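Asker: Residue numbers (our numbering), protein chains in the order written: chain B, 44 to 206; chain A, 44 to 206.
All residues carry an ideal CB built from backbone N, CA and C; glycine is no exception.
The structure presented is a predicted model; accordingly, all values stated were derived computationally and were not measured.
Below you'll find the structure I mean.
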DNA sequence: GACATGCTACTCGGATAGAAACTGTCCGAGTTATTGCGG
DNA sequence: CCGCAATAACTCGGACAGTTTCTATCCGAGTAGCATGTC
């Protein structure tokens with residue numbers, strides 16, 4: 044029950060894309076996005092591809108290509124990003140072992156009936172609800188209040204490393 | 044980000060132990076607890092050992108030995124059981140990649156400062172809070188209202204298979 | 001008949017393989033800017 | 001000087017290994033009950 048490391052990477056990367064796109068109207072390539080945090084470029088690219096499939100990013104090939112946000116940060120929830128990487132499966136997956144116990148009803152769907160499954164599902168739901176209630180724009184704003192210079196610094200880095 | 048299968052197994056097993064101990068004053072061996080759901084006995088035993096280390100169960104060796112609840116179901120939260128199996132680590136582990144970015148402060152602990160980490164930690168907290176708010180006794184009571192015959196059926200099975 | 005004693009069967013516990021998922025890497029298909037050539 | 005075409009460089013995308021975690025199994029240490037022999 045450990046989240047993929049890619050979740051942390053792409054969350055920070057999306058924030059960076061948000062700041063880059065405010066400035067230049069273009070995106071950024073995997074190589075530069077990875078270099079910003081010294082991440083393995085190819086593996087970060089793999090995660091970003093998942094975000095493209097989820098409709099969070101768009102990608103363009105060739106020179107001056109790369110990744111861009113498909114929609115505004117206000118319209119991307121943290122849950123959207125997590126789901127894109129981790130998939131739609133819950134942390135607790137009821138295997139309905141009650142079916143293998145005595146006195147089981149083969150027709151019953153214990154994923155909805157079993158009290159254990161209900162409790163675990165409720166916890167998963169609380170987790171998802173918390174992530175769904177926050178957008179990347181909310182996180183960006185919290186970053187701004189803590190370190191107002193972050194956008195400028197980030198943009199400057201991407202400007203300088205381009206040369 | 045998938046929970047161990049053992050979590051489901053031991054939750055159901057603890058409920059069974061609760062019903063057995065209401066009847067006979069004794070516990071049950073791994074073999075019989077596993078046979079109840081056709082689970083791999085040795086692997087279930089491994090999980091139950093983790094619950095012993097966590098102080099949820101007690102174990103006795105030798106003939107007529109096995110596992111017993113260390114305390115009442117009212118005093119065992121679902122979180123206790125999950126933590127015993129999964130460990131105390133959060134689903135999201137902040138690796139502080141901001142330390143590898145430009146303009147980072149080496150002295151800063153980004154696990155508490157980083158806005159991304161804050162959001163993910165909040166979600167993990169909501170998940171844990173939900174699990175901590177429910178005890179095994181709560182689950183047992185919900186089972187009773189849905190299928191009042193469950194305790195008797197379970198006890199009967201363990202009685203019959205003993206012979 | 002009662003008791004001590006050795007034995008047998010049974011249990012947990014940790015050490016040992018196998019499978020699956022995560023992490024990381026590599027090369028190919030496609031695209032765009034560039035550069036050289038011809039008009 | 002302008003337009004066109006071939007080229008070269010750059011990008012994503014999916015296919016291919018390495019590592020960690022989870023799943024499953026096996027055998028040994030220890031214990032409780034039982035059978036046996038003795039008093």
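Between A:98, A:115, A:95 and A:129, which has its C-alpha nearest residue 48 of chain A's C-alpha?
Answerer: For this step, residue 48 of chain A is matched to residue 5 along the second chain. For the residues A:98, A:115, A:95 and A:129, the minimum Cα distance to residue 48 of chain A belongs to A:129.
Asker: Measure the C-alpha to C-alpha separation of residue 160 of chain A and residue 56 of chain A and round it to an integer number of angstroms.
Answerer: Start at 1 with the first residue of the second chain, and residue 160 of chain A comes out as number 117. Start at 1 with the first residue of the second chain, and residue 56 of chain A comes out as number 13. Approximately 35 Å, taken between the alpha carbons.
Asker: Closer than 7 Å, Cβ to Cβ, to anything on chain A: give me those residues from the segment 192-203 of chain B, in chain order.
Answerer: 196 and 200
Asker: Do residue 183 of chain A and residue 61 of chain A have their beta-carbon atoms positioned less than 8 Å apart in this structure?
Answerer: Walking along the second chain from the start, residue 61 of chain A turns up at place 18. Walking along the second chain from the start, residue 183 of chain A turns up at place 140. For residue 61 of chain A and residue 183 of chain A, yes; Cβs fall inside 8 Å.
Asker: May I ask you to list, following chain order, the residues of the segment 126-147 of chain A that have a beta carbon less than 8 Å from some beta carbon of chain B?
Answerer: 129, 132, 134, 135, 136, 137, 138, 140, 141, 143, 144, 145 and 146
Asker: What residues from chain B crowd round residue 174 of chain A, counting only those whose CB sits closer than 7 Å?
Answerer: The sequence position of residue 174 of chain A within the second chain is 131, counting from 1. Residues of chain B passing the Cβ test: 166.
Asker: Shortest alpha-carbon distance to residue 98 of chain B belongs to which of B:71, B:186, B:87 and B:126?
Answerer: Start at 1 with the first residue of the first chain, and residue 98 of chain B comes out as number 55. Of the listed residues, the one whose Cα sits closest to residue 98 of chain B is B:126.
Asker: How long is the line joining the alpha carbons of residue 75 of chain A and residue 93 of chain B, rounded to whole angstroms?
Answerer: Translated into positions along the second chain, residue 75 of chain A becomes position 32. Translated into positions along the first chain, residue 93 of chain B becomes position 50. Approximately 45 Å, taken between the alpha carbons.
Asker: Just to confirm the assignment: which complete alpha helix (DSSP H) runs, minimum length 4, are found wholly within the segment 44-102 of chain B?
Answerer: 48-66, 73-80 and 84-96
Asker: Is there a C-beta anywhere in chain A that falls below 8 Å from the one on residue 103 of chain B?
Answerer: Counting from 1 along the first chain, the entry for residue 103 of chain B is found at position 60. Any Cβ of chain A closer than 8 Å to the Cβ of residue 103 of chain B would place that residue at the interface, and such an atom is absent.
Asker: Provide the residue span of the alpha helix (DSSP H) that contains residue 168 of chain B, from first to last.
Answerer: Sequence index remark: in the first chain, residue 168 of chain B carries index 125 (1-based). Segment 158-175, the alpha helix (DSSP H) holding residue 168 of chain B.
Asker: Name the DSSP beta bridge partners of residue 110 of chain A, please?
Answerer: Numbered from 1 along the second chain, position 67 holds the residue referred to as residue 110 of chain A. In DSSP, residue 110 of chain A forms a bridge with A:71 and A:102.
Asker: For residue 68 of chain B, would you say it is in contact with chain A, using Cβ-to-Cβ distances shorter than 8 Å as the test?
Answerer: If you number the first chain from 1, residue 68 of chain B lands on position 25. Contact with chain A is absent for residue 68 of chain B, since none of that chain's Cβ atoms lies less than 8 Å from the residue's Cβ.
Asker: Please return the same chain residues whose Cβ sits closer than 8 Å to the Cβ of residue 88 of chain A, not counting the five positions on each side in sequence.
Answerer: Counted from its first residue, the second chain places residue 88 of chain A at position 45. For residue 88 of chain A, where only same-chain residues beyond five positions count, the Cβ hits under 8 Å are 73 and 77.
Asker: Which of helix, strand or coil does DSSP assign to residue 178 of chain B?
Answerer: Indexing the first chain from 1 puts residue 178 of chain B at position 135. Strand.
Asker: So residue 173 of chain A and residue 165 of chain B are in contact, right, with Cβ under 8 Å, and what is the actual spacing, rounded?
Answerer: Mapped onto the second chain, residue 173 of chain A falls at position 130. Mapped onto the first chain, residue 165 of chain B falls at position 122. Separation of the CB atoms of residue 173 of chain A and residue 165 of chain B is rounded to 6 Å, and the pair is thereby assigned contact status at 8 Å.
Asker: With distances taken Cα to Cα, identify the nearest neighbour of residue 204 of chain A among A:171, A:71 and A:142.
Answerer: Within the second chain, the letter at position 161 stands for residue 204 of chain A. Considering only alpha carbons, the answer is A:71.
Asker: Using a beta-carbon distance below 8 Å, is residue 185 of chain B in contact with chain A?
Answerer: For the purposes of this step, residue 185 of chain B is taken as the residue at position 142 of the first chain. At a cut-off of 8 Å between beta carbons, residue 185 of chain B contacts chain A.
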